[in-house]
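These notes are about the structure you will find just below.
Protein chains in written order, with the numbering used here: chain W, 1 to 242; chain X, 1001 to 1242.
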């Protein structure tokens, strides 16, 4: 577990000249149980100390009383994250505790709208009243976001929209100009810099494009040059996305 | 944290004459960070030692590579649960790793279909091709379940269907006779024993009805008789649901 934490810290240091935001994936900490979660806490703290904005990618979602516990963990002293990914399937009253906790802590959330995986359309593409389900979710997200919009024209309730669906990304961007998009799927999942261009607004704001496996694991485990390869991958992503 | 774990152990011992299954809610352990997760592991282990079947209520869901990590944690040595609740929003390829890991470990999953919270209809009730979204999810669950059906006529891929929607529970039971239902919402959330009757098949199998807050917290924190009240609440639930 020490090695796990040390690797994470090293990655944070290596990518800090190139990235403003990091998005730790909670599942890979959970896989190591309580000790893994200790590493999650340590790395979230390290990331803050290095000046990163943090998005805890945990895709939580539950009924209100339970959602409150997840939200308090995310934005309180346990994880102290700046943002959390959440799942909308349970509806508004289940999302509400995340919105209130985020607001109280001056943090934000990203709600799953159109995910980057190949089979995301199974339910997300189902047509309801002429529009796909993900569009209905996006419209609700825009409503939840409305009261939080700041001077920059963007609010605290964002949407996860995969880079692997460029046309949908463009359509959603056009319809919902005040919603931050978190855009996974660039890099290892096949999305290109051209694919994610549509996620940004005309002023260049509005999207957080993340490369996770592409930057963290661009090397073979035996490679003595792994640090240089992480730096090169981060620099390449930064240049491509400029 | 010692008190937290001791309380959990005491509850397990108190309810063991009345309940066959326990469903720890992961959020309330996460709220205490790594130490809370240590308690989660301890209580899952205790529950197994006492002969309970365990359902880890964590409502996980993510793209395949990440879902694999959650599934390995749930069914491997980390949590060693018999079953896990999962969220279907990301689609089949995101659910698949949970199904394979459950199968390999001779465990099961419960997929969120129709949740018990008051606002669950926001997306779950959206009509797609004449049927509500939750019905489409239930139909997929039935397909995922099909290859796992055993001699008892039930399989390893269940559905979460809230007690707070009795008519929908009855309709789903009639349409999907081979799917286990996990039925939250009985007790503290307002569902009654009459409401959940429709969740069972004619042979009396097919449903796991859980009472969580109703059994674990039927007392005022200062109450010296709290143990007797937990026993009384568990006995009452057992009698009502017989």
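Yeah, the Cβ is synthetic: ideal placement off N, Cα and C, and Gly gets one too.
All values derive from a computational prediction rather than experimental measurement.
* Asked: Does the count of Cβ pairs from the segment 57-72 of chain W and the segment 23-33 of chain W closer than 8 Å reach three?
  -> yes
* **beta strand (DSSP E) segments (min. 3 residues) lying fully within the segment 1017-1062 of chain X** => 1053-1060
* Helix, strand or coil for residue 212 of chain W per DSSP? -> Against the first chain, residue 212 of chain W aligns to sequence position 212. In the structure shown, residue 212 of chain W sits in coil (DSSP, three-state: anything other than H, G, I, E or B).
* **Of the residues X/1044, X/1136, X/1209, X/1219, the one placed nearest residue 1243 of chain X, counting alpha carbons only** => Summary: the structure shown does not reach residue 1243 of chain X, with chain X confined to residues 1001 through 1242, and so no result is reported for it.
* Within 7 Å: the Cβ of residue 1212 of chain X and any heavy atom of the ligand ADP? -> Only the bare structure without any ligand can be found here, which leaves the ligand ADP out of the picture.
* Residues bridged to residue 1181 of chain X [DSSP beta-bridge criterion] -> Position 181 of the second chain holds residue 1181 of chain X. Its beta-bridge partners are X/1159, X/1207.
* **Proximal chain X residues relative to residue 66 of chain W, where beta-carbon distance stays under 7 Å** => What you label residue 66 of chain W is simply residue 66 of the first chain in a count that begins at 1. The contacting residues are 1025, 1027.
* Report yes if the C-beta distance between residue 33 of chain W and residue 1093 of chain X is below 8 Å; otherwise report no. => If you number the first chain from 1, residue 33 of chain W lands on position 33. If you number the second chain from 1, residue 1093 of chain X lands on position 93. The answer is no: Cβ separation not under 8 Å.
* Below-8 Å beta-carbon distance, residue 1218 of chain X vs any chain W residue -> Looking up residue 1218 of chain X in the second chain gives position 218. So, not an interface residue.
* **residue 243 of chain W at chain X interface by Cβ criterion, 8 Å** => The question about residue 243 of chain W has no answer, for chain W in this structure spans 1 to 242.
* To do: Return the Cβ separation of residue 241 of chain W and residue 209 of chain W in integer angstroms, given the expectation that the two are a contact with Cβ distance under 8 Å.
  => For the purposes of this step, residue 241 of chain W is taken as residue 241 along the first chain, with counting starting at 1. For the purposes of this step, residue 209 of chain W is taken as residue 209 along the first chain, with counting starting at 1. Yes, residue 241 of chain W and residue 209 of chain W are in contact; Cβ-Cβ is about 6 Å, under 8 Å.
* Checking contacts by CB at 8 Å: is residue 1063 of chain X closer than that to chain W? -> Indexing the second chain from 1 puts residue 1063 of chain X at position 63. Yes, its Cβ sits closer than 8 Å to a Cβ of chain W.
* Asked: At a Cβ threshold of 8 Å, is residue 87 of chain W touching chain X?
  -> For the purposes of this step, residue 87 of chain W is taken as residue 87 along the first chain, with counting starting at 1. Yes, contact with chain X.
* **Contact the segment 180-193 of chain W vs the segment 156-163 of chain W: 3+ CB pairs below 8 Å** => yes
* Which bits of chain W does residue 1137 of chain X rub up against, with CB to CB less than 8 Å? -> Mapped onto the second chain, residue 1137 of chain X falls at position 137. What residue 1137 of chain X touches in chain W: 123.
* Straight-line gap, residue 116 of chain W to residue 35 of chain W (C-alpha atoms, nearest Å) -> Locating residue 116 of chain W in the first chain gives position 116, where the first residue counts as 1. Locating residue 35 of chain W in the first chain gives position 35, where the first residue counts as 1. Spanning the two alpha carbons is a distance of roughly 29 Å.
* Going by beta carbon distance, what residues of the same chain come within less than 7 Å of residue 1064 of chain X, once the five residues before and after it are set aside? -> Here the question's residue 1064 of chain X lines up with position 64 in the second chain. 1093, 1094, 1096, 1097, listed in sequence order.
* To do: Put residue 66 of chain W into one of helix, strand or coil per three-state DSSP.
  => Along the first chain, read from residue 1 onward, the residue named residue 66 of chain W stands at position 66. Here residue 66 of chain W sits in helix by DSSP.
* Asked: Between residue 1014 of chain X and the rest of its own chain, which residues show a CB-CB distance below 8 Å, the 5 nearest in sequence each way excluded?
  -> Residue mapping note: residue 1014 of chain X aligns to position 14 of the second chain, counting from 1. Closer than 8 Å at the Cβ level, and outside the excluded window around residue 1014 of chain X, lie 1227, 1230, 1231, 1234.
* **residue 168 of chain W burial status per 10 Å Cβ neighbour count (16 or more: buried)** => By 1-based counting over the first chain, the position of residue 168 of chain W is 168. The residue in question, residue 168 of chain W, is buried, as its Cβ has 16 or more Cβ neighbours within 10 Å.
* Asked: So with Cβ pairs under 8 Å, would you call residue 250 of chain W a contact of chain X?
  -> Since the first residue shown for chain W is 1 and the last is 242, residue 250 of chain W is missing from the structure and cannot be characterised.
* Helix, strand or coil for residue 1100 of chain X per DSSP? -> Walking along the second chain from the start, residue 1100 of chain X turns up at place 100. In the structure shown, residue 1100 of chain X sits in a helix (DSSP, three-state: H, G or I).
* Got a sec: which bits of the segment 1006-1020 of chain X sit with their beta carbon under 9 Å from any beta carbon on chain W, in order along the chain? -> none
* Asked: Could one say the Cβ of residue 1078 of chain X lies closer than 8 Å to chain W's Cβ atoms, at least one of them?
  -> Sequence index remark: in the second chain, residue 1078 of chain X carries index 78 (1-based). Answer yes: the Cβ-Cβ gap between residue 1078 of chain X and chain W drops below 8 Å somewhere.
* Exposed or buried, which one is residue 104 of chain W when buried takes at least 16 other CB atoms within 10 Å? -> The sequence position of residue 104 of chain W within the first chain is 104, counting from 1. Exposed: under 16 other Cβ atoms inside 10 Å.
* Asked: So what does DSSP say about residue 134 of chain W, is it helix, strand or coil?
  -> Counting from 1 along the first chain, the entry for residue 134 of chain W is found at position 134. Residue 134 of chain W: helix per DSSP, three-state reduction.
* Asked: Among all the DSSP beta bridges, which residues are the ones paired with residue 196 of chain W?
  -> By one-based count along the first chain, residue 196 of chain W stands at place 196. Beta-bridge pairing links residue 196 of chain W to no other residue.
* Asked: So is residue 1002 of chain X buried or exposed if we call it buried at 16+ other beta carbons inside 10 Å?
  -> Here residue 1002 of chain X refers to the residue found at position 2 of the second chain. Looking at its Cβ environment, which holds fewer than 16 other Cβ atoms inside 10 Å, residue 1002 of chain X is exposed.
* DSSP three-state assignment for residue 121 of chain W, whether helix, strand or coil -> For this step, residue 121 of chain W is matched to residue 121 along the first chain. Note: residue 121 of chain W maps to helix in three-state DSSP.
* Asked: Going along chain X, which residues have a C-beta under 7 Å from residue 38 of chain W?
  -> As a position in the first chain, residue 38 of chain W is number 38, starting the count at 1. Residues of chain X passing the Cβ test: 1034.
* Within 8 Å (strictly less), CB to CB, does residue 1170 of chain X reach chain W? -> The count along the second chain starts at 1 and reaches residue 1170 of chain X at position 170. Cβ-Cβ to chain W under 8 Å: no for residue 1170 of chain X.
* Asked: In whole angstroms, what is the alpha-carbon distance linking residue 1022 of chain X and residue 1048 of chain X?
  -> Stepping through the second chain from its first residue, residue 1022 of chain X is reached at position 22. Stepping through the second chain from its first residue, residue 1048 of chain X is reached at position 48. Approximately 10 Å, taken between the alpha carbons.
* **Assigned exposure category for residue 127 of chain W - 16 Cβ within 10 Å defines buried** => Here the question's residue 127 of chain W lines up with position 127 in the first chain. With fewer than 16 Cβ atoms within 10 Å of its Cβ, residue 127 of chain W is classed as exposed.
* Asked: Where do the ends of the alpha helix (DSSP H) carrying residue 1010 of chain X lie?
  -> Here residue 1010 of chain X refers to the residue found at position 10 of the second chain. Its alpha helix (DSSP H) spans residues 1002-1015.
* Asked: For residue 45 of chain W, which of W/30, W/196, W/9 has the nearest alpha-carbon?
  -> Taking the first chain and counting its residues from 1, the one referred to as residue 45 of chain W is at position 45. When only C-alpha atoms are compared, the closest one is W/9.
* Compare the Cα-Cα distances from residue 52 of chain W to each of W/83, W/67, W/69 and report the closest residue. => Taking the first residue of the first chain as 1, we reach residue 52 of chain W at position 52. The shortest Cα separation from residue 52 of chain W among W/83, W/67, W/69 belongs to W/83.
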